[in-house]
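Student: Below is the structure I would like to discuss, written out as structure tokens.
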Amino acid sequence: MQINSVLLFLSKGKKPDPVSRKVTMTKQVADGIITYSKSWHPNEGILILKGRSKKQQIIIEGLVIPPFSTHGPYYSGFPTYDLPFDLSYVGTAHSHPGGSNKPSLEDLNNYYGVISIIINYPYEYNTIGAFDRNGVAMDLEFVDVI
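So in this note's numbering the end of the sequence shown lands on 167, straight run, no missing numbers.
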């Protein structure tokens, strides 16, 4: 009898599937990600995304170079404890010098914020991808001004 009530509780406690969020980024930010990635090639580059997150939309308006970041051909990162407290940090952007712009298992395990932007070689607008914490692709729109 107890098992049935536990199973009933668990089934009622399930969360609904998350609704896909839309990502809006200024072209100036996208150009910054592209330029930064090209400058670090053949190593990965990493940046912090500044913006705001509403219910169904993430707006990216700026970039921050993380202090004490490390870069290599298959990795990039930074110590989060060295970051100042800033509520406008919404995620990270990093480059993949080879392969695809899909998040790796290591990318997902080191996720920071509500969004991850990944750009792959040859570092153009059409090689930029936006992903949530689970690695699910998000709609990405580039605009002149927000």
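Don't be surprised by glycine CBs; every beta carbon is placed ideally from N, CA and C.
Quantities reported herein were computed from a predicted structural model and do not represent experimental measurements.
1. For H62, which residues of its own chain have a beta-carbon under 8 Å away from its beta-carbon, when the five flanking residues on both sides are left out?
2. Which of the three DSSP states, helix, strand or coil, is assigned to G53?
3. To the nearest angstrom, how far is the alpha carbon of F89 from that of Y133?
4. Pick out whichever of Y110, L161, E127 has its Cα sitting closest to the Cα of L84.
5. Beta-carbon within less than 7 Å of T101's beta-carbon, same chain only, minus the 5 sequence neighbours each way: which residues are those?
6. For L70, is the classification buried or exposed, using 16 other Cβ atoms within 10 angstroms of its Cβ as the cut-off for buried?
7. Assign G120 to one of two classes, buried (16 or more other C-beta atoms within 10 Å of its C-beta) or exposed (fewer than that).
8. Going by C-alpha distance, which of I167, N122, E82, Y96 is nearest G112?
9. Between the Cα of A158 and those of V166, D165, I140, V164, spot the shortest distance and give me the residue it belongs to.
10. If I follow the unbroken alpha helix (DSSP H) through D128, where does it start and stop?
11. According to DSSP, is K59 part of a helix, a strand, or is it coil?
12. Excluding the 5 residues preceding and the 5 following P37 in the sequence, name in chain order all residues of the same chain whose CB lies nearer than 7 Å to its CB.
13. Enumerate in chain order the residues of its own chain whose CB-to-CB distance from Y95 is below 6 Å, with the five nearest sequence positions on each side excluded.
Tutor: According to the structure shown:
1. As a first step, residue 62 must be located in the sequence shown, where it is residue number 41. Here the set comprises S116, P118, Y142, Y144.
2. Taking the sequence shown and counting its residues from 1, one reaches residue 53 at position 32. Correct three-state label for G53: helix.
3. For the purposes of this step, residue 89 is taken as residue 68 along the sequence shown, with counting starting at 1. For the purposes of this step, residue 133 is taken as residue 112 along the sequence shown, with counting starting at 1. Cα-Cα distance, rounded: 16 Å.
4. The residue given as residue 84 occupies position 63 in the sequence shown. Nearest C-alpha to L84: Y110.
5. Walking along the sequence shown from the start, residue 101 turns up at place 80. So the qualifying residues of the chain are Y133.
6. As a first step, residue 70 must be located in the sequence shown, where it is residue number 49. Answer is buried; the Cβ neighbour count reaches 16.
7. Walking along the sequence shown from the start, residue 120 turns up at place 99. By the neighbour-count rule (16 or more Cβ atoms within 10 Å), G120 is not buried but exposed.
8. The residue labelled residue 112 in the question sits at position 91 within the sequence shown. Of the listed residues, the one whose Cα sits closest to G112 is E82.
9. On the sequence shown, position 137 is the one that residue 158 refers to. Of V166, D165, I140, V164, the residue nearest in Cα terms is I140.
10. Against the sequence shown, residue 128 aligns to sequence position 107. Segment 126–130, the alpha helix (DSSP H) holding D128.
11. Taking the sequence shown and counting its residues from 1, one reaches residue 59 at position 38. In the structure shown, K59 sits in a helix (DSSP, three-state: H, G or I).
12. By one-based count along the sequence shown, residue 37 stands at place 16. The predicted position of P37 is uncertain, since its pLDDT is 42 and thus under 50; no value can be drawn from it.
13. Walking along the sequence shown from the start, residue 95 turns up at place 74. Cβ within range, chain order: n/a, list empty.
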